[in-house]
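Trainee: Those protein sequence lines, which keep their order, are chains A and B. Its first residue numbered 1, the first sequence is counted upward by one per residue in full-length UniProt numbering. Its first residue numbered 1, the second sequence is counted upward by one per residue in full-length UniProt numbering. Ideal Cβ placement from N, Cα and C applies to all residues, glycine included. Here the structure is a predicted model, which is why all the values come from computation and not from measurement. Submitted below is the structure of interest, expressed as structure tokens.
There are 2 protein chains.
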Amino acid sequence: MSEVYAVRRARLRECCNAVGSTAALVSRPANVRYLAGAAPEGAVLLLGSTEDVLLCAAPPDDRSPQTRPDDSLRLHVTAGAGADPAVAAAGLAVAQGVDSLAVEEHHLTVTRHREIHAAAPKLRLAGVAGAVEQLRVVKDEEEISCLRIGAEIADQALGELLESILVGRTERHLALELERRLVDHGADGPAFPTSVATGPNAGRPGHRPTDRRVEEGDFLSVCLGATYRGYRCEIGRTFVIGTAPADWQIELYDLVFSAQRAGRESLVPGTACRDVDRAARHVLDSAGYAEALPVRTGHGVGLEIDEDPQLTPAAMGKLDACVPVTVEPGVHLPGRGGVRIDDTLVVRPEADGGPELLTITTKELLAL
Amino acid sequence: MSEVYAVRRARLRECCNAVGSTAALVSRPANVRYLAGAAPEGAVLLLGSTEDVLLCAAPPDDRSPQTRPDDSLRLHVTAGAGADPAVAAAGLAVAQGVDSLAVEEHHLTVTRHREIHAAAPKLRLAGVAGAVEQLRVVKDEEEISCLRIGAEIADQALGELLESILVGRTERHLALELERRLVDHGADGPAFPTSVATGPNAGRPGHRPTDRRVEEGDFLSVCLGATYRGYRCEIGRTFVIGTAPADWQIELYDLVFSAQRAGRESLVPGTACRDVDRAARHVLDSAGYAEALPVRTGHGVGLEIDEDPQLTPAAMGKLDACVPVTVEPGVHLPGRGGVRIDDTLVVRPEADGGPELLTITTKELLAL
Numbered sequence: 001m002s003e004v005y006a007v008r009r010a011r012l013r014e015c016c017n018a019v020g021s022t023a024a025l026v027s028r029p030a031n032v033r034y035l036a037g038a039a040p041e042g043a044v045l046l047l048g049s050t051e052d053v054l055l056c057a058a059p060p061d062d063r064s065p066q067t068r069p070d071d072s073l074r075l076h077v078t079a080g081a082g083a084d085p086a087v088a089a090a091g092l093a094v095a096q097g098v099d100s101l102a103v104e105e106h107h108l109t110v111t112r113h114r115e116i117h118a119a120a121p122k123l124r125l126a127g128v129a130g131a132v133e134q135l136r137v138v139k140d141e142e143e144i145s146c147l148r149i150g151a152e153i154a155d156q157a158l159g160e161l162l163e164s165i166l167v168g169r170t171e172r173h174l175a176l177e178l179e180r181r182l183v184d185h186g187a188d189g190p191a192f193p194t195s196v197a198t199g200p201n202a203g204r205p206g207h208r209p210t211d212r213r214v215e216e217g218d219f220l221s222v223c224l225g226a227t228y229r230g231y232r233c234e235i236g237r238t239f240v241i242g243t244a245p246a247d248w249q250i251e252l253y254d255l256v257f258s259a260q261r262a263g264r265e266s267l268v269p270g271t272a273c274r275d276v277d278r279a280a281r282h283v284l285d286s287a288g289y290a291e292a293l294p295v296r297t298g299h300g301v302g303l304e305i306d307e308d309p310q311l312t313p314a315a316m317g318k319l320d321a322c323v324p325v326t327v328e329p330g331v332h333l334p335g336r337g338g339v340r341i342d343d344t345l346v347v348r349p350e351a352d353g354g355p356e357l358l359t360i361t362t363k364e365l366l367a368l
Numbered sequence: 001m002s003e004v005y006a007v008r009r010a011r012l013r014e015c016c017n018a019v020g021s022t023a024a025l026v027s028r029p030a031n032v033r034y035l036a037g038a039a040p041e042g043a044v045l046l047l048g049s050t051e052d053v054l055l056c057a058a059p060p061d062d063r064s065p066q067t068r069p070d071d072s073l074r075l076h077v078t079a080g081a082g083a084d085p086a087v088a089a090a091g092l093a094v095a096q097g098v099d100s101l102a103v104e105e106h107h108l109t110v111t112r113h114r115e116i117h118a119a120a121p122k123l124r125l126a127g128v129a130g131a132v133e134q135l136r137v138v139k140d141e142e143e144i145s146c147l148r149i150g151a152e153i154a155d156q157a158l159g160e161l162l163e164s165i166l167v168g169r170t171e172r173h174l175a176l177e178l179e180r181r182l183v184d185h186g187a188d189g190p191a192f193p194t195s196v197a198t199g200p201n202a203g204r205p206g207h208r209p210t211d212r213r214v215e216e217g218d219f220l221s222v223c224l225g226a227t228y229r230g231y232r233c234e235i236g237r238t239f240v241i242g243t244a245p246a247d248w249q250i251e252l253y254d255l256v257f258s259a260q261r262a263g264r265e266s267l268v269p270g271t272a273c274r275d276v277d278r279a280a281r282h283v284l285d286s287a288g289y290a291e292a293l294p295v296r297t298g299h300g301v302g303l304e305i306d307e308d309p310q311l312t313p314a315a316m317g318k319l320d321a322c323v324p325v326t327v328e329p330g331v332h333l334p335g336r337g338g339v340r341i342d343d344t345l346v347v348r349p350e351a352d353g354g355p356e357l358l359t360i361t362t363k364e365l366l367a368l
């Protein structure tokens with residue numbers, strides 16, 4: 001694995017050289033993990049002119065492969081409380097003869113940036129402006145494999161929940177049970193706070209579980225994901241509680257299903273991100289739900305649950321192969337509830353069979 | 001309650017005026033919540049020259065008192081994706097005739113600070129340098145009451161766990177069960193990721209639960225906390241699994257217990273923070289454990305689990321009455337395990353009975 005990280009660091013070094021910096025300081029945790037194989041709390045990575053160094057405030061916990069940094073990195077533990085590894089990294093850069101250090105201005109606070117400058121006043125601080133995030137967009141097969149296993153775990157947890165009695169249980173309890181099942185099946189943990197929404201709450205994006213209990217006739221929408229070896233996926237489904245859904249529930253469900261399918265089917269390399277959004281949004285717009293729509297219909301996933309690309313009306317850029325994204329349109333009708341259907345898929349060329357669906361739980365409208 | 005928030009904002013306004021700013025932009029979520037009563041995701045608070053405005057990227061969820069902002073604030077929803085409420089706040093400040101805006105430089109990133117400046121180039125951006133954090137150190141009785149209830153919840157969750165069979169269960173499962181019990185008893189959620197550590201892991205500060213199972217003869221150390229109405233407390237205890245602890249376990253436990261008691265007993269208004277640390281540390285130092293000690297023996301708690309004051313050898317400042325802190329010395333012996341005892345207490349004058357212990361689970365060495 002060590003080689004993977006070295007190759008990633010070489011690519012970042014090229015980006016930095018192109019803007020005139022001979023070294024870079026990476027501080028955003030997901031970026032540190034991407035380039036170093038692990039991100040101990042507070043650790044920063046110095047891509048130096050003579051060697052790469054992972055700086056930590058305390059010795060990293062290296063008992064598991066997931067938390068053990070890449071062997072080819074030198075490890076530097078900054079001593080004592082309050083010693084900021086980023087400030088120490090600036091000192092190391094100067095000692096290596098670096099005169100311009102690229103830093104993550106979108107992650108460093110103003111105060112921390114000033115402390116780095118104060119510790120090494122002759123060092124010019126440049127910006128790397130999301131360079132690592134851009135490298136992270138297209139995944140290798142090892143990364144996709146982690147997402148695939150995470151999706152299997154989420155599918156299993158959701159499948160087991162559906163076999164249990166739901167009426168009378170609270171949103172909070174169902175969410176906790178799902179998170180327990182994720183861990184039971186081997187997840188590092190939930191990829192984000194599990195959302196369970198019943199009745200009038202159903203279909204609300206990012207709904208935080210309440211003490212409302214599941215009732216007969218409710219819509220029940222669930223959104224969860226597993227983290228597996230650091231990679232985060234997402235699945236969302238909506239069900240009906242009781243023997244038979246009402247007509248308005250079937251109509252709304254079919255509509256959101258069509259919108260989600262349109263989004264999924266447009267996931268082809270070379271498609272503009274905004275066109276994926278438009279494909280899904282158009283279906284809902286045409287049915288008169290323009291006002292009820294969220295600002296986006298999907299986003300990239302990986303070491304973070306919300307990465308580039310963004311699937312929004314104003315998004316720039318096109319989809320590449322091997323980019324995992326969510327497609328998650330929904331409609332929420334205040335006071336009545338709503339529907340949300342959310343999959344994680346990987347963009348693949350048509351010759352390879354088109355988009356690869358990672359979250360395979362059925363999208364039929366189940367009455368539970 | 002509305003008055004409480006208005007008073008807090010008036011105090012911050014005084015701090016800003018003292019440094020020559022007529023307005024302030026608060027962006028750190030816990031600070032926004034402290035001053036506005038709620039912190040919807042991404043929201044910022046403008047303390048303006050003519051009115052105070054809470055700016056959010058999406059309409060806040062105001063169905064529960066915990067997420068409903070203070071009524072006396074004007075609410076401003078910035079439209080569309082990517083519209084940063086902080087940038088919008090700078091525009092509002094200019095419209096109010098503000099020429100100098102104090103911002104939280106320890107929270108704003110370099111990029112965001114630059115965007116605010118670009119949107120309002122004539123506005124001078126000053127720093128407020130932890131001013132809200134300082135206001136937050138001394139709690140009112142309403143805040144302490146939330147911490148007290150949170151501590152009761154954590155005590156209950158821990159007490160129930162102790163009554164169950166522990167041998168053979170994994171650290172991960174025990175941690176998840178504790179978190180479920182916290183929510184069962186009315187917590188908003190865990191105050192921080194619950195730590196359960198067995199055998200050689202016991203006593204490691206911040207240990208992340210693994211798949212190791214509890215065995216006879218183990219030390220078992222547990223650290224958990226509840227969030228109640230936003231306020232976070234902490235309790236840590238160490239137990240022995242089996243009928244009788246070994247001699248080394250009893251000795252180590254007694255030592256850490258003495259250190260923790262020394263720390264607790266020194267919590268008197270006017271005591272230097274470093275002297276609390278020294279009181280606890282001295283006991284362990286004298287017994288030859290100087291090397292094994294963590295960098296601090298306690299810290300403040302409140303809307304965040306780690307607030308000022310810090311109880312470290314180099315800490316500046318003195319304790320005030322009504323400041324809640326943890327006292328949590330511990331010793332970890334690599335390969336053997338260790339002991340950690342952690343309470344949340346409120347500093348009170350001796351005339352009021354001295355430090356108020358919020359986490360009341362026994363600190364006797366229980367053999368489970």
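How about residue 332 of chain A: is its C-beta nearer than 8 Å to some C-beta of chain B?
Mentor: Your numbering for residue 332 of chain A matches position 332 in the first sequence. Residue 332 of chain A does not count as touching chain B.
Trainee: Determine, using beta-carbon pairs with one atom in the region 187-202 of chain A and one in the region 216-233 of chain A, whether at least three such pairs fall under 8 Å.
Mentor: Counting Cβ pairs under 8 Å, three or more are found: they touch.
Trainee: Spatial neighbours of residue 227 of chain B within its chain, please: CB distance less than 8 Å, with the 5 preceding and 5 following residues excluded, ordered by chain position.
Mentor: Position 227 of the second sequence holds residue 227 of chain B. 150, 187, 188, 189, 190 and 191.
Trainee: Just checking: is the beta-carbon of residue 108 of chain B within a distance shorter than 8 Å of some beta-carbon in chain A?
Mentor: If you number the second sequence from 1, residue 108 of chain B lands on position 108. Answer yes: the Cβ-Cβ gap between residue 108 of chain B and chain A drops below 8 Å somewhere.
Trainee: With a threshold of 16 other CB atoms inside 10 Å of the CB of residue 89 of chain A, please say whether the residue is buried or exposed.
Mentor: The residue labelled residue 89 of chain A in the question sits at position 89 within the first sequence. Residue 89 of chain A comes out buried.
Trainee: Which residues in the same chain as residue 148 of chain A place their Cβ atom closer than 6 Å to its Cβ, once the five residues preceding and following it in sequence are excluded?
Mentor: Taking the first residue of the first sequence as position 1, residue 148 of chain A is located at position 148. Excluding sequence neighbours, residue 148 of chain A sits near 358.
Trainee: Compute the beta-carbon to beta-carbon distance between residue 27 of chain A and residue 107 of chain A, rounded to the nearest angstrom, for a pair I have assumed lies under 8 Å.
Mentor: As a first step, residue 27 of chain A is located in the first sequence; it is residue number 27 there, counting from the start. As a first step, residue 107 of chain A is located in the first sequence; it is residue number 107 there, counting from the start. Confirmed, about 5 Å.
Trainee: With C-beta atoms as the reference, is residue 307 of chain A less than 8 Å away from residue 181 of chain A?
Mentor: Mapped onto the first sequence, residue 307 of chain A falls at position 307. Mapped onto the first sequence, residue 181 of chain A falls at position 181. Cβ atoms of residue 307 of chain A and residue 181 of chain A: not closer than 8 Å.
Trainee: Cβ of residue 113 of chain B less than 8 Å from any chain A Cβ?
Mentor: Working through the second sequence from its first residue, we reach residue 113 of chain B at position 113. Taking Cβ atoms only, chain A reaches closer than 8 Å to residue 113 of chain B, which makes this a yes.
Trainee: Do you know how far the Cα of residue 204 of chain B is from the Cα of residue 344 of chain B?
Mentor: Indexing the second sequence from 1 puts residue 344 of chain B at position 344. Indexing the second sequence from 1 puts residue 204 of chain B at position 204. About 19 Å.
Trainee: Evaluate contact between the region 245-263 of chain A and the region 4-23 of chain B, counting only Cβ atoms and requiring at least three cross-stretch pairs below 8 Å.
Mentor: Too few Cβ pairs lie closer than 8 Å, so no.
Trainee: Which partner residues does residue 156 of chain B have in the DSSP bridge list?
Mentor: Along the second sequence, read from residue 1 onward, the residue named residue 156 of chain B stands at position 156. According to DSSP, residue 156 of chain B bridges with nothing at all.
Trainee: State the Cα-Cα distance for the pair residue 160 of chain B and residue 249 of chain B, rounded to the nearest angstrom.
Mentor: On the second sequence, residue 160 of chain B is found 160 positions in, with the first residue counted as 1. On the second sequence, residue 249 of chain B is found 249 positions in, with the first residue counted as 1. Each residue's Cα considered, the two are about 24 Å apart.
Trainee: Starting from residue 331 of chain B and walking both ways along the beta strand (DSSP E), at which residues does that stretch end?
Mentor: Locating residue 331 of chain B in the second sequence gives position 331, counting from the first residue. It spans 330-333 - the beta strand (DSSP E) in which residue 331 of chain B sits, taken as one unbroken run.
Trainee: Pull up the distance between the alpha-carbon of residue 351 of chain B and that of residue 270 of chain B, whole angstroms please.
Mentor: For the purposes of this step, residue 351 of chain B is taken as the residue at position 351 of the second sequence. For the purposes of this step, residue 270 of chain B is taken as the residue at position 270 of the second sequence. Rounded to the nearest angstrom, the two C-alpha atoms are 14 Å apart.
Trainee: Thinking just about the alpha-carbon of each residue, which of A:310, A:76 and A:241 is nearest to the one in residue 272 of chain A?
Mentor: The sequence position of residue 272 of chain A within the first sequence is 272, counting from 1. Measuring from the Cα of residue 272 of chain A, the nearest candidate turns out to be A:310.
Trainee: Strictly by DSSP, which residues pair up with residue 324 of chain B?
Mentor: Here the question's residue 324 of chain B lines up with position 324 in the second sequence. Partner(s): B:346.
Trainee: With residue 228 of chain B as the anchor, note down where its beta strand (DSSP E) starts and where it stops.
Mentor: As a working note, residue 228 of chain B is residue 228 in the second sequence. From DSSP, the beta strand (DSSP E) with residue 228 of chain B extends over 226-228.
Trainee: Should the region 325-341 of chain A be called in touch with the region 286-300 of chain A, which here means at least 3 C-beta pairs below 8 Å?
Mentor: Taking 8 Å as the limit for Cβ pairs, the verdict is that the region 286-300 of chain A does touch the region 325-341 of chain A.
Trainee: So residue 3 of chain B is in the alpha helix (DSSP H); what residue range does that whole segment cover?
Mentor: Numbered from its first residue, the second sequence carries residue 3 of chain B at position 3. That run of the alpha helix (DSSP H) goes 2-18.
Trainee: In three-state terms, what does DSSP make of residue 367 of chain A?
Mentor: Your numbering for residue 367 of chain A matches position 367 in the first sequence. It is a strand residue.
Trainee: List, in chain order, every chain B residue whose beta-carbon is nearer than 7 Å to that of residue 251 of chain A.
Mentor: The count along the first sequence starts at 1 and reaches residue 251 of chain A at position 251. The premise fails here: residue 251 of chain A is roughly 26 Å from chain B at the closest Cβ pair, so nothing lies under 7 Å.
Trainee: Using the beta-carbon of each residue, which ones in chain A are nearer than 8 Å to residue 172 of chain B?
Mentor: Working through the second sequence from its first residue, we reach residue 172 of chain B at position 172. The answer, in chain order, is 183.
Trainee: So, under 8 Å CB-CB, residue 237 of chain A and residue 158 of chain A are touching, yes? Tell me the CB distance rounded to an integer number of Å.
Mentor: As a first step, residue 237 of chain A is located in the first sequence; it is residue number 237 there, counting from the start. As a first step, residue 158 of chain A is located in the first sequence; it is residue number 158 there, counting from the start. That pair is a contact at about 7 Å.
Trainee: Grab me the residues of residue 355 of chain A's own chain with a C-beta within less than 8 Å of its C-beta, minus the 5 sequence neighbours each way, in chain order.
Mentor: As a position in the first sequence, residue 355 of chain A is number 355, starting the count at 1. Counting only Cβ-Cβ distances below 8 Å, and skipping sequence neighbours, we find 264, 265, 267, 268, 345, 346, 347 and 348.
Trainee: Just to make sure I have the definition right: I need the residues of chain A whose C-beta is within less than 8 Å of the C-beta of residue 105 of chain B. Which are they?
Mentor: Residue numbering aside, residue 105 of chain B sits at position 105 when the second sequence is read from its first letter. What residue 105 of chain B touches in chain A: 109, 110, 111 and 114.
Trainee: Less than 8 Å between the C-beta atoms of residue 396 of chain A and residue 75 of chain A, yes or no?
Mentor: Only positions 1 to 368 of chain A appear in the structure, and residue 396 of chain A is not among them; the question remains open.
Trainee: Sort B:77, B:33 and B:278 by Cα distance to residue 314 of chain B and report the nearest one.
Mentor: Within the second sequence, numbered from 1, the residue matching residue 314 of chain B stands at position 314. The residue with the shortest Cα to Cα distance from residue 314 of chain B is B:278.
Trainee: According to DSSP, which residues form a beta bridge with residue 307 of chain B?
Mentor: Counted from its first residue, the second sequence places residue 307 of chain B at position 307. DSSP, once it has assigned bridges, lists B:300 as partnering residue 307 of chain B.
Trainee: Do you know how far the Cα of residue 128 of chain A is from the Cα of residue 156 of chain A?
Mentor: One-based indexing of the first sequence puts residue 156 of chain A at position 156. One-based indexing of the first sequence puts residue 128 of chain A at position 128. Taking the straight line from one Cα to the other gives about 40 Å.
Trainee: Spell out whether any CB of chain A is found under 8 Å from the CB atom of residue 212 of chain B.
Mentor: Here residue 212 of chain B refers to the residue found at position 212 when the second sequence is read from its first residue. Output row for residue 212 of chain B: interface = no.
Trainee: Do we get a CB-CB distance below 8 Å when we pair residue 368 of chain B with the residues of chain A?
Mentor: For the purposes of this step, residue 368 of chain B is taken as residue 368 along the second sequence, with counting starting at 1. Not one chain A Cβ lies under 8 Å of residue 368 of chain B.
Trainee: Going by alpha carbons, who is nearest to residue 206 of chain B out of B:340, B:15 and B:48?
Mentor: The count along the second sequence starts at 1 and reaches residue 206 of chain B at position 206. That would be B:340, whose Cα lies nearest to the Cα of residue 206 of chain B.
Trainee: Near residue 253 of chain A, which residues of its chain fall below 6 Å by C-beta distance, leaving aside the five closest residues on each side in sequence?
Mentor: Indexing the first sequence from 1 puts residue 253 of chain A at position 253. Cβ within range, chain order: 339 and 365.
Trainee: Relative to the C-alpha of residue 202 of chain A, which candidate in A:166, A:175 and A:239 has its C-alpha closest?
Mentor: For the purposes of this step, residue 202 of chain A is taken as residue 202 along the first sequence, with counting starting at 1. The option with the nearest alpha carbon to residue 202 of chain A is A:239.
Trainee: Measuring straight from C-alpha to C-alpha, what distance separates residue 295 of chain A and residue 163 of chain A?
Mentor: The residue labelled residue 295 of chain A in the question sits at position 295 within the first sequence. The residue labelled residue 163 of chain A in the question sits at position 163 within the first sequence. Cα to Cα, residue 295 of chain A sits roughly 34 Å from residue 163 of chain A.
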